Amino acid sequence: MSAAFRCAGASLDRDEPLTGTASTVRAFLLVENPGPWGVDALRDSRLPERVRSGLTRAARAAGVRVLLIRRHARRGAAVDGCRVFAAYADPVSPWLETALLPEPEGLLDLDLAALGAGRSPGLEPADGPLLCVCTHGRHDVCCAERGRPVAAALCESHPEETWECSHIGGDRFAANLLVLPDGLYYGRIDPQQAPSLADATLAGELDLDHLRGRSGIPMAVQAAEIALRRELGETRSGAVRPLTRRRTGADLVADFEAPDGRWEVRIRTVPGSGEHLLTCGAQRENTAPDHQVLGIRRLA
Numbered sequence: 002m003s004a005a006f007r008c009a010g011a012s013l014d015r016d017e018p019l020t021g022t023a024s025t026v027r028a029f030l031l032v033e034n035p036g037p038w039g040v041d042a043l044r045d046s047r048l049p050e051r052v053r054s055g056l057t058r059a060a061r062a063a064g065v066r067v068l069l070i071r072r073h074a075r076r077g078a079a080v081d082g083c084r085v086f087a088a089y090a091d092p093v094s095p096w097l098e099t100a101l102l103p104e105p106e107g108l109l110d111l112d113l114a115a116l117g118a119g120r121s122p123g124l125e126p127a128d129g130p131l132l133c134v135c136t137h138g139r140h141d142v143c144c145a146e147r148g149r150p151v152a153a154a155l156c157e158s159h160p161e162e163t164w165e166c167s168h169i170g171g172d173r174f175a176a177n178l179l180v181l182p183d184g185l186y187y188g189r190i191d192p193q194q195a196p197s198l199a200d201a202t203l204a205g206e207l208d209l210d211h212l213r214g215r216s217g218i219p220m221a222v223q224a225a226e227i228a229l230r231r232e233l234g235e236t237r238s239g240a241v242r243p244l245t246r247r248r249t250g251a252d253l254v255a256d257f258e259a260p261d262g263r264w265e266v267r268i269r270t271v272p273g274s275g276e277h278l279l280t281c282g283a284q285r286e287n288t289a290p291d292h293q294v295l296g297i298r299r300l301a
């Protein structure tokens, strides 16, 4: 009997690139909810129906990504109050806020329009980072099989910073780690690597071998940033800043500020090689984009 298909294993077997695959999101609202989580975590949660529907509408209108979060060791356990975080993954000046709401109905009072526009929704400033590991097995089994061991390892080494979270995108790159408020997406993390990656994150360093991209910029620009960092050997998180970008025919040209001046990276996005099942539950094959670096040059 053949083994069940797993999208993460298939992606690894075909050596699919990680770079430029982070979901493009700036505004995040994280809501503590111990679960269980259904296929659609918010819609299928045990939050009151009025809260579920109202929060879904408000977040969609404001362009805010809602994630459910929980502590690894307290999955399914009751919690006192409702811990929420608001994160804005601006590529230059990210920020994080938090509050403990007495009742989940308080979620409907949050100013999500402000959050979506990069302004405070009315919470209190918080220290980061948050290490959010996707363990959403009802959405994709790879997220549970690969994510939960990573969450367990990080819970041991960095208990205050670590949360399990619902679907963040890119199931085939599990285990996936989202670092907020910077919006850093990491993929193909294993339990042995996770603590050292977390240490590097807390020290302001990036792991370029596992970095999928920075969610506050488009996917092609994510790939351009990572390519430039590799060229320069630059892993300090804030040392390379995106500036402008423009289209030139079929190419995207992105400018960056680095410690030694300004740089330009030319990227062309083309269909990847072949069609594949991109999730464990996919019913048909699709082609993923491939971001090709055509050139890197210093401007000044």
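When you read off a place in the sequence shown, starting at 1, and then add 1, the result is the number in the working numbering.
Note that CB positions come from ideal geometry on N, CA and C, so glycine has one too.
Since this is a predicted model, take the numbers as computed values, not measurements.
Within the same chain, Cβ atoms closer than 6 Å to the Cβ of S238 are found at G205, L207, the five residues on either side in sequence being excluded. Per the Cβ contact rule, the stretch 221 to 241 is in contact with the stretch 15 to 31 (3 or more Cβ pairs under 8 Å). Three or more Cβ pairs drawn from the stretch 157 to 165 and the stretch 134 to 145 lie within less than 8 Å of each other, which places the two stretches in contact. Runs of the beta strand (DSSP E) spanning 3 or more residues and lying entirely within the stretch 92 to 162 occur at 96 to 102, 131 to 135, in chain order. Note that the C-beta distance between A90 and P182 is below 7 Å. The beta-bridge partner set that DSSP reports for C166 consists of I70, C135. Ranked by how close their Cα comes to the Cα of L233, the residues L155, I218, Q194, I297 have I297 in first place.
The Cβ atoms of S167 and V26 do not sit closer than 7 Å to each other. When the beta-carbon positions are compared, D291 and V271 come within less than 7 Å of each other. Looking at the DSSP output, H292 sits in a beta bridge with T270. For P103, the number of other beta carbons within 10 angstroms of its own is below 16, and it is reported as exposed. With contacts defined by Cβ atoms closer than 7 Å, E98 and L124 form a contacting pair. Each of S197, A28, A5, A4 was checked against the Cα of I169, and the nearest Cα belongs to A28.
In its chain, beyond the 5 residues on either side, A90, R215, S216, G217 have a beta carbon closer than 6 Å to the beta carbon of G184.
If you compare the alpha carbons of H73, L43, R72, E50 with that of R61, the shortest gap goes to L43. Taking A228 as the centre and dropping the five residues before and after it, the same chain places the C-beta of V266, V294, I297 closer than 7 Å to its C-beta, in chain order. Here DSSP, grouped into helix, strand and coil, assigns C83 to strand. In the three-state reduction of the DSSP assignment, F174 falls in the helix class, which pools H, G and I. Cβ-Cβ separation between P130 and R71: approximately 18 Å, too far for a contact (criterion under 8 Å). With 16 or more other Cβ atoms inside 10 Å of its own Cβ, N177 counts as buried.
If you ignore the 5 residues before and after S12, its C-beta comes within less than 6 Å of the C-beta of R173, all in its own chain and listed in chain order. For the pair R58 and P122, the Cα-to-Cα distance works out to about 16 Å.
Comparing alpha carbon positions, the residue from A74, A5, V85, R242 closest to V67 is V85. Within its own chain, the residues whose Cβ lies closer than 7 Å to the Cβ of I190, once the five positions on either side in sequence are excluded, are V151, A176, L178, L198, H211, listed in chain order. Between V52 and the set R213, E17, V32, the nearest pair of CA atoms involves V32. Burial is judged here by how many other beta carbons sit within 10 angstroms of a residue's own beta carbon; P126 has fewer than 16 and is exposed.
Rounded to the nearest whole angstrom, the C-alpha separation of L101 and W38 is 21 Å. Under the three-state reduction of DSSP, V40 is assigned to coil, being neither helix nor strand.
Cα atoms of E286 and G82: separation of roughly 43 Å, rounded to the nearest angstrom.
In terms of Cα proximity to R248, the closest of R269, E235, R231 is R269. Here R215 carries a strand assignment [DSSP, helix/strand/coil]. In the three-state DSSP reduction, A255 falls in the strand class (E or B).
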